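**Q**
Number of protein chains: 2
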Amino acid sequence: MEDFVRKTLLFDFYGELLTEHQKSIYQEIVFDDFSISEIAREHGISRQSVHDMRKRCEKMLTDYEERLHLVERFLTIKDHVTKIRDLSEMKDAGSARTPEETMKRIGEIADVILEEL
Amino acid sequence: MEDFVRKTLLFDFYGELLTEHQKSIYQEIVFDDFSISEIAREHGISRQSVHDMRKRCEKMLTDYEERLHLVERFLTIKDHVTKIRDLSEMKDAGSARTPEETMKRIGEIADVILEEL
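Line order of the protein sequences matches chains S and H.
So the first sequence is residues 1 to 117, counted in the working numbering.
So the second sequence is residues 1001 to 1117, counted in the working numbering.
Dropping the structure here:
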């Protein structure tokens, strides 16, 4: 997965477990694209502190995912649901399924998702 | 939602954020149905400690959900996927949809899920 997408997902899922201070600095660096110097000046802390904070937040978010695997679970579900959506539009390339067969296949994928939930 | 189901979901999602000690005691009380006296004896701690630990774990798990809402997100997805599964089996009571109409409806629900993911 692209690094930026991974960071966005981790922050979306676990960002609320950071402190407000950590969240705002991490957001400014990673998503708002401020420079380390700008953030250091704005918050009245050293550039090293900004750098450390970024590393620390990244480690926290990664650690949460290593324990909980919730981003991973969501992504698996997303793949399955995308497949259902494509099947519902008959985009299943090369297949000559009847609508009835397609519905059966959709039901099977839905069952797989429900087992994983 | 039934209290036991709620506790099971919270523990399933966030249990790994408890310490091993907390996890094992919480599991014994809530899921393995041991008595507080039995657990106190087994772990060599007071009955009050077991009671406090249970309360503390419950609060931690509830707090995680209040911040992250991931159980809630999963349950919403589960409802949608159940609806897709039922539609795929033509269980949509009272409807006289054609297979094509049903597939269109399935595609719409899949889109709603994908927007939420």
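Idealized CB from N, CA, C, for every residue including glycine.
Remember, it's a predicted structure, so these values are computed and weren't measured experimentally.
Residues of chain S with CB closer than 8 Å to the CB of M1001/H, please, in chain order.
**A** Indexing the second sequence from 1 puts residue 1001/H at position 1. Under the 8 Å cutoff, chain S gives no residues; its nearest Cβ is about 14 Å from M1001/H.
**Q** Which one of L1009/H, M1103/H, L1070/H has the shortest CA to CA distance from I1084/H?
**A** Along the second sequence, read from residue 1 onward, the residue named residue 1084/H stands at position 84. Per the Cα distances, M1103/H.
**Q** May I have a chain-ordered list of the alpha helix (DSSP H) segments no shorter than 4 residues that lie completely inside the region 38-105 of chain S?
**A** Fully enclosed alpha helix (DSSP H) runs of 4 or longer: 47-68, 70-88.
**Q** Establish whether the CB of K1007/H and some CB of chain S are separated by less than 8 Å.
**A** As a working mapping, residue 1007/H is identified with position 7 in the second sequence. Not an interface residue.
**Q** Would you call the region 1015-1035 of chain H and the region 66-78 of chain S in contact, with 3 or more CB pairs under 8 Å?
**A** Segments in contact, yes.
**Q** Could you tell me the distance, in whole angstroms, from the CA atom of E100/S to the CA atom of P1099/H?
**A** Taking the first residue of the first sequence as 1, we reach residue 100/S at position 100. Taking the first residue of the second sequence as 1, we reach residue 1099/H at position 99. Whole-angstrom Cα-Cα distance: 7 Å.
**Q** When the Cα atoms are used, what is the spatial distance from Y1026/H to M1001/H?
**A** Indexing the second sequence from 1 puts residue 1026/H at position 26. Indexing the second sequence from 1 puts residue 1001/H at position 1. About 20 Å.
**Q** For F34/S, go through chain H and note every residue whose CB falls closer than 7 Å to its CB, in chain order.
**A** Stepping through the first sequence from its first residue, residue 34/S is reached at position 34. Those do not exist, as F34/S stays about 25 Å from chain H at its closest Cβ, beyond 7 Å.
**Q** Looking at the structure shown, is D1032/H part of a helix, part of a strand, or coil, going by DSSP?
**A** If you number the second sequence from 1, residue 1032/H lands on position 32. In the structure shown, D1032/H sits in coil (DSSP, three-state: anything other than H, G, I, E or B).
**Q** Buried or exposed for A110/S, going by 16 or more other Cβ atoms inside 10 Å?
**A** If you number the first sequence from 1, residue 110/S lands on position 110. So A110/S counts as buried.
**Q** Going along the chain, which residues of its own chain have a beta-carbon closer than 8 Å to the beta-carbon of S1037/H, five neighbours each way excluded?
**A** The count along the second sequence starts at 1 and reaches residue 1037/H at position 37. Excluding positions up to five away in sequence, the list reads R1047.
**Q** I think V1081/H touches I106/S, with their Cβ atoms under 8 Å apart; what is that distance to the nearest whole Å?
**A** Counted from its first residue, the second sequence places residue 1081/H at position 81. Counted from its first residue, the first sequence places residue 106/S at position 106. Contact doesn't hold; Cβ gap of about 10 Å is too wide.
**Q** For V1005/H, count neighbouring Cβ atoms within 10 angstroms of its own Cβ and tell me buried if that reaches 16, exposed if not.
**A** On the second sequence, position 5 is the one that residue 1005/H refers to. Exposed is the call here.
**Q** Taking the continuous alpha helix (DSSP H) assigned at T1008/H, which residues delimit it?
**A** Translated into the one-based positions of the second sequence, residue 1008/H becomes position 8. Element bounds for T1008/H: 1003-1014.
**Q** Taking all protein chains shown into account, decide if F1031/H is buried (16 or more other Cβ within 10 angstroms of its Cβ) or exposed.
**A** Against the second sequence, residue 1031/H aligns to sequence position 31. It counts as exposed.
**Q** State buried or exposed for L10/S, treating a residue as buried only when at least 16 other CB atoms are found within 10 Å of its CB.
**A** Within the first sequence, numbered from 1, the residue matching residue 10/S stands at position 10. Buried, because 16 or more other Cβ atoms sit within 10 Å of the Cβ of L10/S.
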